[in-house]
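This report refers to the structure that appears directly beneath it.
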């Protein structure tokens, strides 16, 4: 399962992986939104029957602005959104 905010790029990556023989599907989700993360995990489990691993590689600092102006809380919020749904599966 591939996920991200950019539909076209995600669909293209899934297509490339399928051309290489991999089983791949793209779901658009923004990790800043709890409902989208929940749906991503639920759709992944529905499609594959389980969730073996989750890689949280979100390219966001939580709040727009220079990284040097971010707080630990802004980073933690995004990581929390991703990590809290996966352990159920």
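In this note's numbering, the protein residues as written are 967 to 1055.
Even glycine gets a Cβ: it sits at the ideal position worked out from N, Cα and C.
Taken through DSSP and simplified to helix, strand or coil, residue 1016 comes out as coil. Contact between residue 969 and residue 1006 holds: their C-beta atoms lie close to 5 Å from each other, under 8 Å. Sixteen is the threshold: when 16 or more other Cβ atoms of the shown chains lie within 10 Å of the Cβ of residue 997, as they do, the residue is buried. In terms of CA proximity to residue 1009, 992 leads the group 978, 980 and 992. In this structure, residue 994 and residue 973 form a Cβ contact; the two beta carbons are roughly 5 Å apart against a cut-off of 8 Å.
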